[in-house]
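Per this note's numbering, the sequence shown runs over residues 10 to 212.
In this text, a Cβ means the ideal position worked out from N, Cα and C, and glycines have one as well.
See structure below.
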Amino acid sequence: MKVILKKFKKVFFVAVVLMLMAAYSIFILSACESDYEKLVKQGALQEETGIQESSDSSNAGDDTTAQDTNDASGSSGEDNESSGSDNKNTEETADGEKGGNDTTASTAEDTGDQARQTIVVTATTEGYSPEKINAKAGQPTILVMQSVDAYGCERAFVIPQLKIYKILPENGNTAFDLGVQEKGASIVGVCSMGMYYFEIFFN
Numbered sequence: 010m011k012v013i014l015k016k017f018k019k020v021f022f023v024a025v026v027l028m029l030m031a032a033y034s035i036f037i038l039s040a041c042e043s044d045y046e047k048l049v050k051q052g053a054l055q056e057e058t059g060i061q062e063s064s065d066s067s068n069a070g071d072d073t074t075a076q077d078t079n080d081a082s083g084s085s086g087e088d089n090e091s092s093g094s095d096n097k098n099t100e101e102t103a104d105g106e107k108g109g110n111d112t113t114a115s116t117a118e119d120t121g122d123q124a125r126q127t128i129v130v131t132a133t134t135e136g137y138s139p140e141k142i143n144a145k146a147g148q149p150t151i152l153v154m155q156s157v158d159a160y161g162c163e164r165a166f167v168i169p170q171l172k173i174y175k176i177l178p179e180n181g182n183t184a185f186d187l188g189v190q191e192k193g194a195s196i197v198g199v200c201s202m203g204m205y206y207f208e209i210f211f212n
């Protein structure tokens with residue numbers, strides 16, 4: 010009886026997926042922007058504004074550095090010695106700050122390479138787990154969807170912000186490149202029916 014129910018679920022799922030794919034295609038072709046796309050555009054505008062402000066701050070910092078360099082050329086040997094001591098203290102402070110940022114969020118797995126982190130989410134007939142995930146901002150991020158006896162709508166996986174749509178296998182791993190996210194950003198993964206979801210917070 011259990012085998013018959015599983016076969017029925019598979020047939021029903023295939024029919025649902027075909028209907029969802031047709032609906033999704035119509036949705037993509039429509040001219041209306043979804044709320045997610047609006048959020049993405051707002052985020053892109055904020056990012057562009059932040060980059061411009063950062064560039065202005067960098068230019069101002071360069072001017073200040075050049076002026077300090079000119080002033081330092083006329084300083085005495087005692088001033089140079091003091092400057093060397095200050096530089097040493099600055100390096101020690103920077104090293105201390107770097108060491109404090111090595112903490113990895115409990116739900117994000119550090120691959121050992123500081124330039125990349127891997128997040129694993131399990132997909133089952135009961136949904137996605139975990140639902141709330143903390144990750145490091147400013148690092149390339151790989152999302153691995155681990156399917157375990159997944160026979161329902163959780164297989165039709167969508168990340169609206171990145172325009173990702175993928176049918177997950179019933180069992181196995183599927184990797185997605187989430188790129189580099191800024192501090193305060195978040196990414197939502199959801200099934201095509203909106204029943205199951207999870208959210209990644211970048212801090």
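Bridge partners - residue i, DSSP secondary structure assignment
{"i": "residue 167", "result": "174 and 199"}
{"i": "residue 182", "result": "155"}
{"i": "residue 189", "result": "149"}
{"i": "residue 141", "result": "208"}
{"i": "residue 132", "result": "137 and 156"}
Outcome for residue i when other beta-carbon atoms lying within 10 angstroms are tallied against a minimum of 16
{"i": "residue 154", "result": "buried"}
{"i": "residue 196", "result": "buried"}
{"i": "residue 205", "result": "buried"}
{"i": "residue 17", "result": "exposed"}
{"i": "residue 20", "result": "exposed"}
Residue from the options with nearest C-alpha to residue i
{"i": "residue 167", "options": "158, 184 and 157", "result": "184"}
{"i": "residue 27", "options": "193, 175 and 199", "result": "175"}
{"i": "residue 212", "options": "146, 124 and 163", "result": "146"}
{"i": "residue 132", "options": "125, 207 and 193", "result": "207"}
Same chain, Cβ closer than 7 Å to residue i, neighbours up to 5 away in sequence not counted
{"i": "residue 209", "result": "128, 142, 144, 195 and 196"}
Test item: CB-CB of residue i and residue j under 8 Å
{"i": "residue 179", "j": "residue 159", "result": "yes"}
{"i": "residue 201", "j": "residue 29", "result": "yes"}
{"i": "residue 199", "j": "residue 149", "result": "no"}
{"i": "residue 136", "j": "residue 22", "result": "no"}
{"i": "residue 187", "j": "residue 152", "result": "yes"}
Own chain residues within Cβ distance below 6 Å of residue i, not counting five before or after
{"i": "residue 181", "result": "156"}
Beta-carbon contacts of residue i that lie in its chain and below 8 Å, excluding the five residues immediately before and after
{"i": "residue 134", "result": "158, 159, 160, 161 and 163"}
{"i": "residue 173", "result": "166, 167 and 185"}
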